[in-house]
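Trainee: Before anything else, here's the structure in question.
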Amino acid sequence: MNNNIKNTFRTGIIATAGVVALFSCTDTWNEHYNSSAQVDYDGTTIQALENKASDFATVVKATGFDRELASENVYTIWAPQNGTFTLSDYVDANGNLVKDSALVVDRFIKNHIARYNISSASSDMTINLLSSKLKELSSTGTIGDANIVDKDLICNNGVLNVIDGVLPYQYNIFELIENEYEESDEDGKDTCSMYTFLKAYNADSLDENKSVSRGVDASGNKIWVDSVTIRNNTVLKNVDAKIYEEDSSFIALIPSTKAWQERYEFAKNLLVFNPSENTTAEGACDSLQRYFANMFAMTDLFYNKNANEHYEDSLKSTNYSEYNWPNHLYYSTTPKLLAEDKQINNILSKVGSPVECSNGDAYLIDEYPMTPYEQFFHKISLKGRSLRAYLDESTKSDGTVAAYASKNITYSNTSYVEENSNLPMYKLIPQINESGDTISVDTVLKHKEFSTSYVDFAPTTNAKNYISLKIPNTLSGTYDIYLVTCPIILKDFSDTANYKFQVKIWERINKEGKNLGEYPSSASYISNPDETSGKYFYTYKHFDDDGFIEYIDTTYIGAYTFSNAYYSRSEEGVIFQIYVNVGNSDSDNHVYSRNMLINSLILKPHDSDATPTPVSGAKKRATSKDINY
Numbered sequence: 036m037n038n039n040i041k042n043t044f045r046t047g048i049i050a051t052a053g054v055v056a057l058f059s060c061t062d063t064w065n066e067h068y069n070s071s072a073q074v075d076y077d078g079t080t081i082q083a084l085e086n087k088a089s090d091f092a093t094v095v096k097a098t099g100f101d102r103e104l105a106s107e108n109v110y111t112i113w114a115p116q117n118g119t120f121t122l123s124d125y126v127d128a129n130g131n132l133v134k135d136s137a138l139v140v141d142r143f144i145k146n147h148i149a150r151y152n153i154s155s156a157s158s159d160m161t162i163n164l165l166s167s168k169l170k171e172l173s174s175t176g177t178i179g180d181a182n183i184v185d186k187d188l189i190c191n192n193g194v195l196n197v198i199d200g201v202l203p204y205q206y207n208i209f210e211l212i213e214n215e216y217e218e219s220d221e222d223g224k225d226t227c228s229m230y231t232f233l234k235a236y237n238a239d240s241l242d243e244n245k246s247v248s249r250g251v252d253a254s255g256n257k258i259w260v261d262s263v264t265i266r267n268n269t270v271l272k273n274v275d276a277k278i279y280e281e282d283s284s285f286i287a288l289i290p291s292t293k294a295w296q297e298r299y300e301f302a303k304n305l306l307v308f309n310p311s312e313n314t315t316a317e318g319a320c321d322s323l324q325r326y327f328a329n330m331f332a333m334t335d336l337f338y339n340k341n342a343n344e345h346y347e348d349s350l351k352s353t354n355y356s357e358y359n360w361p362n363h364l365y366y367s368t369t370p371k372l373l374a375e376d377k378q379i380n381n382i383l384s385k386v387g388s389p390v391e392c393s394n395g396d397a398y399l400i401d402e403y404p405m406t407p408y409e410q411f412f413h414k415i416s417l418k419g420r421s422l423r424a425y426l427d428e429s430t431k432s433d434g435t436v437a438a439y440a441s442k443n444i445t446y447s448n449t450s451y452v453e454e455n456s457n458l459p460m461y462k463l464i465p466q467i468n469e470s471g472d473t474i475s476v477d478t479v480l481k482h483k484e485f486s487t488s489y490v491d492f493a494p495t496t497n498a499k500n501y502i503s504l505k506i507p508n509t510l511s512g513t514y515d516i517y518l519v520t521c522p523i524i525l526k527d528f529s530d531t532a533n534y535k536f537q538v539k540i541w542e543r544i545n546k547e548g549k550n551l552g553e554y555p556s557s558a559s560y561i562s563n564p565d566e567t568s569g570k571y572f573y574t575y576k577h578f579d580d581d582g583f584i585e586y587i588d589t590t591y592i593g594a595y596t597f598s599n600a601y602y603s604r605s606e607e608g609v610i611f612q613i614y615v616n617v618g619n620s621d622s623d624n625h626v627y628s629r630n631m632l633i634n635s636l637i638l639k640p641h642d643s644d645a646t647p648t649p650v651s652g653a654k655k656r657a658t659s660k661d662i663n664y
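Per this note's numbering, the very first residue in the sequence shown carries number 36; after that it's consecutive.
Take a look at the structure:
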């Protein structure tokens, strides 16, 4: 036996003592290493393979990996015994490979080998194989689903075990995507799919600590004979969906090429950017339109199990954030606090059975289980802080807003109820004792108290009676627009002033050399869809079922289609402007109010395939259920 190899192996045992300790080796195992015999087989692991598992050795030699198993590096091998796999699937009669060498090494050979010396007499543990897959090694003599039939044969540079079956290579979710899709080419294969999109953003690198080099080339660079890759994909990393990492646990929806292309085309129509901004050649992966259309098609397809402890009831995707609630959130049961216009959608009930992967479950789907409106064509709501943040600076600087900061308002109706006996103002309250028996029925006065926030728009002069709101992240689609206001209480709870106003919309237009375009010199007046003349919008006093004044009022402005998209851009592309046109007589007599309490501006995507948003009650009024404030 070569003394250098012996010494190296002994040194390797000492050097890796910390690693072996992690595996909780038994005293018997340590004695076995420290005995005078030292080794069971006076040779390398590849030489032992040729004697104990010759079929596996033949495949190893055909790939050239035998040179590594003859080196001074220490490995533990679990070799499938002869007859447990079809040798002709890997090599021909002359011992030449019939499959891709890299795949055979990475997904077959390395899936049966681990670094360092590992005892099968140890307690149960998880083994990290060279393939990066994790396998459970049991002290009862199994690894994965295979039984160890000949174990712990100590060689000069490692340990050999023989097992009664092949350890199957299990794809992780990213590898499954690679396997399901084919790269684009001129033969008509898919040119638009999840695979082709993600592949353009692969950023893999070499793990030098785990790779093996043999000398250097003429330029002094290391020659790598066994390279280990660190997987990385910048797009998946940015959306916190590292589905290529083995220590992760995800749920993934993987659409077919046809399904992806249909969703991509829907998204593409909503992402018509100014041509001077979208300058990349048609079809290139990094044009704004193509990039965001692919990102939209990929939205809500990945779910981290570790962030979804109760995913049987509710499931939030990696795109989810509390700020955008309830977007990117799906339910299998009716949860509390669900927005009124958010439909229950149990997406996992629509996608069949999962494919079990090494890092989670993948569902191969021919149809998306969520609509584009659930997935990415979302409502835009400016309310509270966001309403103040998007007030146009020109409005603020020219003094047209007397109270720029948001305020809160509370309405209490007690005195109003007491003075209006015709209202259904009383209700019966049963009094229950500890045994659950009704002991009396009391009649009590109904009381309601409403609290909400608003921005107080108070023009200083009738000549500057407008307020402007910048609208961010608009898409090139059709929206139903709503303005939500709070009533102005004049004398008591029964007296309010109505609003009368006009609406203008400025939208940036294409301008050569201007990436974002520029605003036109004049805006478009929006006509009132519920008025014959269409010039003015009005609000009216509304009452609930108990006869109390509603504390917010919603005016339907109408449907508007934007020609350009300004999604995720540095500046907004749309300005919504309100003109309050009230004469002195109407203002003095409290017919209409010149100042306005604005609660929110809402743009709800208009679904052309669905019934238009209902406008219920008196003129132009929509309910909170219709639009979800």
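Yeah, the Cβ is synthetic: ideal placement off N, Cα and C, and Gly gets one too.
1) Would you mind listing the alpha helix (DSSP H) stretches within the stretch 344–413 that are 4+ residues and don't spill past its ends, in chain order?
2) Between Y365 and I289, is the Cβ-Cβ spacing less than 9 angstroms?
3) Three or more beta-carbon pairs under 8 angstroms between the stretch 505–513 and the stretch 595–609, yes or no?
4) What do you get for T80, buried or exposed, if any count of 16 or more other CB atoms within 10 angstroms of its CB means buried?
5) DSSP has M160 in a bridge; who is on the other side?
6) Measuring straight from C-alpha to C-alpha, what distance separates N599 and L551?
7) Find out if the Cβ-Cβ distance for the pair N339, D275 is shorter than 9 angstroms.
8) Would the beta-carbon of V201 fall within 9 angstroms of that of P115?
9) Go to E542, then tell me how far its alpha helix (DSSP H) extends in each direction, as first and last residue.
10) Quick one: what's got a C-beta closer than 7 angstroms to K134's C-beta in the same chain, skipping five residues either side?
11) Could you tell me which residues DSSP puts in a beta bridge with N237?
12) If you reduce the DSSP assignment to three classes, tell me which class R150 lands in.
13) Select from Q82, N268, D282 the residue whose C-alpha is nearest the C-alpha of I189.
14) May I ask you to list the residues that DSSP assigns as paired with D427?
15) Taking the CB atoms as reference points, tell me whether S559 and I587 lie closer together than 9 angstroms.
16) Return the chain-ordered list of same chain residues with a C-beta closer than 6 angstroms to the C-beta of L350, the five sequence neighbours on each side being excluded.
17) Out of H147, S106, D90, point me to the one whose CA is closest to S123's CA.
18) If you run the structure through DSSP and keep just helix, strand and coil, what is L669?
19) Tell me, please, which residues DSSP counts as bridged to W113.
20) Between the Cα of F536 and those of E542, Y514, D515, E566, spot the shortest distance and give me the residue it belongs to.
21) Could you please give me the residues that DSSP links to L417 through a beta bridge?
22) Assuming the contact rule is C-beta atoms closer than 8 angstroms, W295 and A332 should be a hit. Round their C-beta distance to whole Å, please.
23) Would you check if the distance between the CB atom of S393 and the CB atom of Q612 is smaller than 9 angstroms?
24) Alpha carbon to alpha carbon, how far is P404 from E103?
25) Does the beta-carbon of A88, which I'm using as the reference point, lie nearer than 8 angstroms to any heavy atom of the ligand GTP?
26) Using alpha carbons as the reference points, say which of L164, N86, D199 lies closest to T119.
Mentor: Let's see:
1) 407–410
2) no
3) yes
4) buried
5) L172
6) 10 angstroms
7) yes
8) yes
9) Run containing E542: none in the alpha helix (DSSP H); it sits in the beta strand (DSSP E), 535–542.
10) Y125
11) N268
12) strand
13) The candidate whose alpha carbon is nearest that of I189 is Q82.
14) BP columns for D427 are empty, so no partner.
15) Not a contact, by the Cβ cut-off of 9 angstroms.
16) Y338, N343, Y365
17) D90
18) Coverage of the chain is limited to positions 36 through 664, which leaves residue 669 absent and any answer about it impossible.
19) N196
20) E566
21) L636
22) The pair is a contact, with the Cβ atoms about 6 angstroms apart (cut-off 8 angstroms).
23) Their beta carbons are not under 9 angstroms apart, which means S393 does not touch Q612 by this criterion.
24) 48 angstroms
25) The ligand GTP is not part of the structure shown, which contains no ligands of any sort.
26) D199
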